[in-house]
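Undergrad: Residue numbers (full-length UniProt numbering): 1 to 395.
A virtual CB, placed ideally from N, CA and C, is assigned to each residue, including glycine.
Sharing a structure with you now.
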């Protein structure tokens, strides 16, 4: 499969599917030192780039081909990160163990052999030199077992498999599989075509069985490791830190509000606006980012937009959730419309006190706040809230 676009550092398809000699012969034997080694690239970003650059409509076999190639890169990244986390004694042991199995028929689908080869290649550079680096403390003090290594490799690759399965579902309308947590990796792999749908084995599942190398595995891994060694020659500490760090994405959530509404009221009631430096007549707080704004304040009006409307465009691409300090209610802005959502602070009887007229103590209703947050996450404001009206850019 070929791509119908110019290859570049942002689209390194050739580096994923061809060896250096083949690439250089097609580029006139010009030496090109990549700014970012391929093993530092974000694989999910590469997936989106490849899909967007392919002719549309995208064919399922092309999608599967892209996923298979990118999985080899992802798995190699996992092996490199694992090797960095091991101490010198573990690396030496795994290097020797894997080398004994390199000549077997399934060597390219054995994480032991591949890990051994990765360690051998990276040992030629400065990546494992621990003297004077700040990352030494991050190296795992435990002895790695085959089971813990397999679990680490699967956990490293699972976020990509989840995102790719969701993308496949939206592109081709295929059902998302349901499975137990311990079967998630193998089920998603079958769903994405990394494994045959009839895959069965008497032995425990091994993640390396999903690998399908477009070129000889040891040649392409050697090529990728050479880029790492070249990079760490100049940036030893940064090179190691980039491999060790693990991204853990948290679900989006609204601000964490205090239990008692009086805490919010006392803090914001006389607070000055950072734009006009005045105390707003109708202060409000964005529940997404915490920005303090003037509701309907002409003092902060810019380009015919009042501050809340302008902030909803900058913060939420047209969607804003604001708590009105002097009223204890929440308003939602969606494009050119707005609505009163209600309050997440109730009195002892479970009733709202809009505009704080009764002066009773108000306490947060976590159930209501969870509903508000879920509507925001799922983009269902338009469908659930019916009383919308135009704001004429005046909020």
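#1: Under a Cβ-count criterion, where at least 16 other Cβ atoms within 10 Å of its own Cβ denotes burial, should residue 254 be classed as buried or exposed?
#2: Closer than 7 Å by C-beta to residue 362: which residues in its own chain qualify, once you throw out the five before and the five after it? Chain order, please.
#3: Keeping to the same chain, check which residues put their C-beta closer than 7 Å to that of residue 385; ignore five residues upstream and five downstream.
#4: Pick out the complete beta strand (DSSP E) segments inside the region 137-196, 3 residues or longer, and give them in chain order.
#5: To the nearest whole angstrom, what separates the beta carbons of residue 290 and residue 127, a pair I think is in contact under 8 Å?
#6: Sort 351, 120 and 324 by Cα distance to residue 264 and report the nearest one.
#7: Could you have a look at residue 387 and say whether DSSP puts it in helix, strand or coil?
#8: Can you name the residues that DSSP bridges to residue 285?
#9: Any idea if residue 396 is buried or exposed, counting beta-carbon neighbours within 10 angstroms, 16 or more meaning buried?
#10: Tell me the start and end of each unbroken alpha helix (DSSP H) in the region 54-108 that is at least 4 residues and wholly inside, in chain order.
#11: For a test of the three-state rule: what should DSSP assign to residue 111, helix, strand or coil?
#12: Is it true that the CB of residue 214 sits closer than 8 Å to the CB of residue 118?
#13: Which same chain residues, not among the five before or five after residue 304, have their C-beta less than 8 Å away from its C-beta?
#14: Assuming residue 51 and residue 58 are in contact, meaning their beta carbons sit under 8 Å apart, how far apart are those beta carbons, in whole angstroms?
#15: Would you kindly work out how many angstroms separate the C-alpha atoms of residue 76 and residue 38, rounded to a whole number?
#16: Classify residue 267: buried if its beta carbon has 16 or more other beta carbons within 10 angstroms, exposed otherwise.
#17: Would you tell me roughly how many angstroms separate the C-alpha atoms of residue 306 and residue 298, rounded to the nearest one?
#18: Which whole runs of the beta strand (DSSP E) in the region 326-350 are 3 residues long or more, in chain order?
#19: Quick one: grab the DSSP three-state call for residue 23.
#20: So, is residue 110 buried or exposed, given that buried needs 16 or more other C-beta atoms within 10 angstroms?
#21: In chain order, what residues of the same chain lie with their CB nearer than 6 Å to the CB of residue 161, ignoring the 5 residues before and after it?
#22: Going by alpha carbons, who is nearest to residue 355 out of 258, 151, 129 and 330?
#23: Tell me the rounded alpha-carbon separation between residue 225 and residue 92.
#24: Cα-Cα, which of 319, 349 and 390 is closest to residue 375?
#25: Express the C-alpha separation of residue 163 and residue 98 in angstroms, rounding to a whole number.
#26: From residue 74 to residue 193, what distance separates their C-alpha atoms?
#27: Which same chain residues end up closer than 7 Å to residue 154 when comparing Cβ atoms and leaving out the 5 residues on each side of it in sequence?
#28: Nearest to residue 250 by alpha carbon, out of 115, 106 and 377?
#29: Over what stretch of residues does the alpha helix (DSSP H) that includes residue 367 continue unbroken?
#30: Where does residue 50 sit, in a helix, a strand or coil, going by DSSP?
#31: Give the straight-line distance between the Cα atoms of residue 285 and residue 292, rounded to the nearest whole angstrom.
#32: Have a look at residue 272 and residue 168 and give me their C-alpha separation to the nearest angstrom.
#33: Indicate whether residue 276 and residue 308 have their beta-carbon atoms separated by less than 8 Å.
#34: In this structure, how does DSSP classify residue 28 when only helix, strand and coil are distinguished?
#35: So what does DSSP say about residue 133, is it helix, strand or coil?
TA: On the basis of the supplied data:
#1: For this step, residue 254 is matched to residue 254 along the chain shown. Residue 254 is buried by the Cβ-count criterion.
#2: Start at 1 with the first residue of the chain shown, and residue 362 comes out as number 362. Only 261, 328, 345, 346, 347 and 353 meet the Cβ criterion.
#3: Stepping through the chain shown from its first residue, residue 385 is reached at position 385. So the list reads 332, 339 and 341, once near-sequence residues are dropped.
#4: none
#5: Sequence index remark: in the chain shown, residue 290 carries index 290 (1-based). Sequence index remark: in the chain shown, residue 127 carries index 127 (1-based). At roughly 41 Å, the Cβ-Cβ gap does not stay under 8 Å, so residue 290 and residue 127 are not in contact.
#6: Numbered from its first residue, the chain shown carries residue 264 at position 264. Considering only alpha carbons, the answer is 324.
#7: Along the chain shown, one-based indexing puts residue 387 at 387. Here residue 387 sits in coil by DSSP.
#8: The residue given as residue 285 occupies position 285 in the chain shown. Answer is 292 and 323, bridged to residue 285.
#9: In the structure as shown, the chain starts at 1 and stops at 395, and residue 396 therefore has no counterpart that could be examined.
#10: 60-85 and 88-99
#11: In the chain shown, residue 111 corresponds to position 111, counting from 1. Reduced to three states, the DSSP call for residue 111 is helix.
#12: Counting from 1 along the chain shown, the entry for residue 118 is found at position 118. Counting from 1 along the chain shown, the entry for residue 214 is found at position 214. Going by C-beta atoms, residue 118 is not nearer than 8 Å to residue 214.
#13: The sequence position of residue 304 within the chain shown is 304, counting from 1. Excluding sequence neighbours, residue 304 sits near 393.
#14: Numbered from its first residue, the chain shown carries residue 51 at position 51. Numbered from its first residue, the chain shown carries residue 58 at position 58. At roughly 6 Å, the Cβ-Cβ gap stays under 8 Å, so residue 51 and residue 58 are in contact.
#15: Translated into the one-based positions of the chain shown, residue 76 becomes position 76. Translated into the one-based positions of the chain shown, residue 38 becomes position 38. Rounded to the nearest angstrom, the two C-alpha atoms are 10 Å apart.
#16: Sequence index remark: in the chain shown, residue 267 carries index 267 (1-based). So residue 267 ends up on the exposed side.
#17: Taking the chain shown and counting its residues from 1, the one referred to as residue 306 is at position 306. Taking the chain shown and counting its residues from 1, the one referred to as residue 298 is at position 298. If I take the Cα positions, the gap works out to 7 Å.
#18: 330-334 and 337-342
#19: Mapped onto the chain shown, residue 23 falls at position 23. Note that residue 23 has pLDDT 46, beneath the 50 cutoff, so the model's placement of it is unreliable and the number below is only indicative. If DSSP states are grouped into helix, strand and coil, residue 23 belongs with the helices.
#20: Translated into the one-based positions of the chain shown, residue 110 becomes position 110. Per the 10 Å Cβ criterion, buried.
#21: Against the chain shown, residue 161 aligns to sequence position 161. The answer, listed in chain order, is 188.
#22: Position 355 of the chain shown, counted from the start, is the residue given in the question as residue 355. When only C-alpha atoms are compared, the closest one is 330.
#23: Position 225 of the chain shown, counted from the start, is the residue given in the question as residue 225. Position 92 of the chain shown, counted from the start, is the residue given in the question as residue 92. Their backbone Cα atoms lie some 18 Å apart in a straight line.
#24: Residue mapping note: residue 375 aligns to position 375 of the chain shown, counting from 1. Among 319, 349 and 390, the Cα nearest to that of residue 375 is on 319.
#25: Along the chain shown, one-based indexing puts residue 98 at 98. Along the chain shown, one-based indexing puts residue 163 at 163. Cα to Cα, residue 98 sits roughly 31 Å from residue 163.
#26: Within the chain shown, numbered from 1, the residue matching residue 74 stands at position 74. Within the chain shown, numbered from 1, the residue matching residue 193 stands at position 193. The straight-line gap from Cα to Cα measures roughly 16 Å.
#27: Here residue 154 refers to the residue found at position 154 of the chain shown. For residue 154, where only same-chain residues beyond five positions count, the Cβ hits under 7 Å are 185 and 207.
#28: Translated into positions along the chain shown, residue 250 becomes position 250. Of the candidates 115, 106 and 377, the one whose C-alpha sits nearest the C-alpha of residue 250 is 377.
#29: Taking the first residue of the chain shown as position 1, residue 367 is located at position 367. Where residue 367 is concerned, the enclosing alpha helix (DSSP H) stretches over 366-377.
#30: In the chain shown, residue 50 corresponds to position 50, counting from 1. Helix.
#31: In the chain shown, residue 285 corresponds to position 285, counting from 1. In the chain shown, residue 292 corresponds to position 292, counting from 1. Cα to Cα, residue 285 sits roughly 5 Å from residue 292.
#32: Walking along the chain shown from the start, residue 272 turns up at place 272. Walking along the chain shown from the start, residue 168 turns up at place 168. Their backbone Cα atoms lie some 49 Å apart in a straight line.
#33: Walking along the chain shown from the start, residue 276 turns up at place 276. Walking along the chain shown from the start, residue 308 turns up at place 308. No; because the gap between Cβ atoms is not below 8 Å, this pair is not in contact.
#34: Within the chain shown, residue 28 is the residue found at index 28, counting from 1. Residue confidence is low: residue 28 scores 46 on pLDDT, short of 50, so the model does not pin down where it sits. Its coordinate-derived value is still stated next. In the structure shown, residue 28 sits in coil (DSSP, three-state: anything other than H, G, I, E or B).
#35: Counting from one through the chain shown, the residue named residue 133 turns up at place 133. Low per-residue confidence applies at residue 133: pLDDT is 44, beneath 50, and the placement is therefore not dependable enough to give any value.
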